[in-house]
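Encoded as structure tokens, the structure appears first; notes follow it.
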Amino acid sequence: MGENKGKIILQKARKEGFAVPAFNIYNLETMQVVLETAARMQSPVMLATTPSTVNYFGHDFLLALAEKARERYKIPVVFHLDHFQDKEELKKYIKAGFSSGMIDASRSPYTENVEIVKEVVSFARGYGSVVEAELGNVGRGEQKGTLTEPGEAKGFVRETGVDSLAVAIGTVHGIFKGKPNLDFKRLEEISNLVDIPLVLHGGSGLSDNDLKETIKRGISKINIATELKEAFTDGLKNYFQENPEENDLRHYMEAGKKSMEKVVAEKIKVCGSEGRG
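Under the numbering used here, think of the first position of the sequence shown as 17, with each following residue one higher.
Written as structure tokens, this is what we have:
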């Protein structure tokens, strides 16, 4: 079966002090932007697909695209199932061929979170897949989450056997409203207590300095979603303002891709993953 590529690149990131960028993709064009930019910059990359994205594409179509992407682009590429809350749905896609997935039971009580993650990890092992989980709870917009307790993180990793852990240190999904207050000390303490790669959710809207500081303190994977959607959409809006009669998808989609490409390139540089593919 061979060692899992997602596990290899995250362990490499943890050992060498950089982060693997995990970009959410939504359609063929956003997938192309991420892959082409990462290949040009020789960066390992993870393409994150939420349950709604998998339903939008069709999981069989996504798996076919994943296989073709690995053939075409000579960099480490991992397709990652992100934020799945239905464990049976996640298990179905792992069985179908996805090699990396996140089971998100972070809103459940600690003991229930442990049991759910243990079950998914045990199942995934049979298919050579790796599993990410979340402890604590990353907020959304102006809603604050629950920060990860370092001592609980150590026990959680030991009890579940999970391959990577998303931690809550003050980030939110979406874009920050106001100035973020990240708990770097908490992150460093967690990193010192566990021996697996740590993941930062809610990376959109953080300053380059904040992102670099999280990597310095132990983050090995950074998720980016909202900034990508906004950049692509802004590219389309600007194009139609200048070309209101345009009806050729190949023209206006290219404008969205170019706008998003800038964000992808910037995040790869901030993650320190350029040239590590």
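Note that the Cβ used here is the ideal one computed from N, Cα and C, for glycine as well.
Do residue j and residue i have their beta-carbon atoms positioned less than 8 Å apart in this structure?
| i | j | result |
| --- | --- | --- |
| residue 234 | residue 198 | no |
| residue 289 | residue 112 | no |
| residue 91 | residue 291 | no |
| residue 119 | residue 149 | yes |
| residue 205 | residue 260 | no |
| residue 70 | residue 78 | yes |
| residue 196 | residue 214 | no |
| residue 124 | residue 20 | no |
| residue 97 | residue 65 | yes |
| residue 241 | residue 53 | no |
Since residue i is in the beta strand (DSSP E), which residue starts that stretch and which ends it?
| i | result |
| --- | --- |
| residue 237 | 235-240 |
Does DSSP classify residue i as helix, strand or coil?
| i | result |
| --- | --- |
| residue 187 | coil |
| residue 64 | strand |
| residue 116 | strand |
| residue 151 | strand |
| residue 80 | helix |
| residue 254 | helix |
| residue 224 | helix |
| residue 27 | helix |
| residue 292 | coil |
| residue 48 | helix |
| residue 268 | helix |
What residues match up with residue i in a beta bridge as DSSP calls it?
| i | result |
| --- | --- |
| residue 34 | DSSP, once it has assigned bridges, lists no residue as partnering residue 34. |
| residue 95 | 63 |
| residue 40 | 64 |
| residue 162 | 153 |
| residue 181 | 149, 214 |
| residue 100 | 119 |
Looking at the unbroken alpha helix (DSSP H) that takes in residue i, where does it start and where does it end?
| i | result |
| --- | --- |
| residue 136 | 126-141 |
| residue 214 | Not the alpha helix (DSSP H): residue 214 falls in the beta strand (DSSP E), residues 214-216. |
| residue 261 | Counting along the chain, residue 261 falls outside any alpha helix (DSSP H), and DSSP gives it neither H nor E. |
| residue 208 | 200-209 |
Which residues in the same chain have their Cβ closer than 7 Å to the Cβ of residue i, if we skip the five residues on either side of it in sequence?
| i | result |
| --- | --- |
| residue 210 | 169, 170, 173, 181 |
| residue 184 | 152, 153, 154, 161, 162, 163, 164 |
| residue 60 | 25, 36, 91, 92, 289, 292, 293 |
| residue 130 | 172, 175, 176 |
| residue 136 | 103, 106, 107, 119, 147 |
| residue 286 | 224, 227, 228 |
| residue 126 | 168 |
| residue 274 | 251 |
Can you find the residues in the same chain that come closer than 6 Å, C-beta to C-beta, to residue i, ignoring five residues on each side of it along the sequence?
| i | result |
| --- | --- |
| residue 272 | 248, 251, 252 |
| residue 216 | 230, 235, 238 |
| residue 255 | 268, 271 |
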